[in-house]
Amino acid sequence: MSEDTDVRTKAEERAERAQRMAKEGAQAMAEHLAAIKAVDERTAKLRALRLAKEAADAEARAAAPPPAKKRKSK
Numbered sequence: 000m001s002e003d004t005d006v007r008t009k010a011e012e013r014a015e016r017a018q019r020m021a022k023e024g025a026q027a028m029a030e031h032l033a034a035i036k037a038v039d040e041r042t043a044k045l046r047a048l049r050l051a052k053e054a055a056d057a058e059a060r061a062a063a064p065p066p067a068k069k070r071k072s073k
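Numbering (numbering that gives the first Met the number 0), first residue to last: 0 to 73.
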């Protein structure tokens with residue numbers, strides 16, 4: 000009976016380990032996906048800020064008078 004108990008105990012240990020590994024893997028994947036989502040959100044925010052700044056700069060350049068042309072001295 001001792002061998003039967005050892006085999007059952009080892010099988011239970013393997014099953015518990017497999018469950019634990021699956022749980023840890025799912026948790027790691029969730030953390031990884033959350034990190035990717037955070038990066039994507041920051042990228043979108045920074046892109047929007049950059050585009051707004053570029054539009055404001057272009058508007059300011061269009062509103063500003065053109066620079067005076069330099070005359071060549073003879």
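We put the CB at the ideal spot given by N, CA and C, even for glycine.
Roughly how many angstroms separate the alpha carbons of A54 and M20, rounded to a whole number? 51 Å
Three-state secondary structure (DSSP) at K69? coil
Going straight from the alpha carbon of K44 to that of Q18, what length do you get? 39 Å
May I have the straight-line CA-CA distance separating K36 from E30, to the nearest angstrom? 10 Å
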